[in-house]
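One structure is given below, encoded as structure tokens.
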Amino acid sequence: MKKIAVMMFMGLWVLLSVHTCWAEKAYVVNTSKITLRGGPSTKDKIITMLKQDSAVEVLGTQSGWSHVQVLGNASRNYEGWIVSSFLTREVPWKVQVEGFKEENVRLKQRAENIEKEWSASSGEKELMSEKLEKAENELKSVRTKYESLKKASGSLLALQETHEKTLKEFQEARVTLETLQKENMILKSSQRNRWFLTGAVVLLVGLIFGLVMGRQQRKKKSSYY
12 MKKIAVMMFM GLWVLLSVHT CWAEKAYVVN TSKITLRGGP STKDKIITML
62 KQDSAVEVLG TQSGWSHVQV LGNASRNYEG WIVSSFLTRE VPWKVQVEGF
112 KEENVRLKQR AENIEKEWSA SSGEKELMSE KLEKAENELK SVRTKYESLK
162 KASGSLLALQ ETHEKTLKEF QEARVTLETL QKENMILKSS QRNRWFLTGA
212 VVLLVGLIFG LVMGRQQRKK KSSYY
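Going by our numbering, the first residue of the sequence shown is number 12, and it counts up by one from there.
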């Protein structure tokens, strides 16, 4: 009876010591590689070594250890245990900088596409030039802030605030570029309508001229009789 009670107590203790939680993303903060083990102990087998800033998904915690799944294309779906003190929920500045680089490339490509469409169109060049110049200036401003952010990445709090502000400006620049693209399409459509109306007018004038000439010829013939 005592053995059963002891076993029940130990089972309850294990359940209470293992904390499950909603899966959340975390990053390795140790400057050197750390071990991913098969269990929550230094005696457990080492599965692989994780570099600094490696992204993981936290599945649960137990006695100072975190049960994680390694994220990323080269992770091979590794799953194991890591010391919780080596993890942080804050996104590393290097990861944020890479995100800014990708966003900057996409925004630059969109600006180049708009410039090509503008060059191929005719009419309203001055207005389109002003709008394009404004969009390019916004892009330069965002790029300058990105470079400043990369240099001042030592402070995570300041980095996060600047990151949010810069993303907002990215979105505003994106809206401006999309508006330019729509206006360019409207401009091309209006040019096609002008050519159509011009052709219709020429055809109408030709018909009127033909009717007038026909009447004059009939009058001349009737005067001979």
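Think of the CB as a built atom: it goes at the ideal place given N, C-alpha and C, for glycine as much as any other residue. Keep in mind that this is a model prediction, so the values were computed, not measured.
Span separating the alpha-carbon of residue i from that of residue j
i	j	result
Q3	E101	In the structure displayed, the chain extends from 12 to 236; residue 3 sits before or after that span and is not available.
T173	V40	22 Å
A66	E137	49 Å
V153	L47	39 Å
K156	K112	12 Å
E144	E109	27 Å
K151	N115	10 Å
T72	F181	38 Å
R87	V69	16 Å
V94	I197	59 Å
Y89	E35	16 Å
L82	K162	27 Å
E126	A146	10 Å
R62	E194	Sequence inspection shows Lys at residue 62; the Arg mentioned does not correspond to that position. So the two alpha carbons sit approximately 48 Å from each other.
T53	K179	45 Å
Delimiting residues of the beta strand (DSSP E) encompassing residue i
i	result
V40	Where V40 is concerned, there is no enclosing beta strand (DSSP E), given that its DSSP letter is neither H nor E.
Q80	76-81
V69	66-73
T59	57-61
E90	90-94
Buried versus exposed call for residue i [16 or more other C-beta atoms within 10 Å across all chains shown]
i	result
E175	exposed
C32	Legend: pLDDT at C32 = 47, less than 50; position of this residue unreliable, value from coordinates given subsequently. That one is exposed.
T190	exposed
E141	exposed
G91	buried
Q120	exposed
I219	exposed
S159	exposed
S77	buried
Q107	buried
T42	exposed
W60	Note that residue 60 is Met in the sequence shown here, rather than Trp. Exposed is the call here.
M139	buried
Y177	Going by the sequence as given, residue 177 is Thr instead of Tyr. Result: buried.
V25	Because V25 sits at a pLDDT of 40, beneath the cut-off of 50, its placement in the model cannot be relied upon, and the point is left open.
Beta-carbon spacing of residue i, residue j below 8 Å
i	j	result
S74	P51	yes
I45	F97	yes
K105	D64	yes
T99	E149	no
A37	L118	no
Q192	E123	no
Any chain C beta carbon closer than 8 Å to residue i
i	result
V116	Absent from the structure: chain C. Only one protein chain is present.
Proximity test, residue i beta-carbon vs the ligand NAP heavy atom, cut-off 7 Å
i	result
T53	Among the components modelled here there is no ligand, and therefore nothing to report on the ligand NAP.
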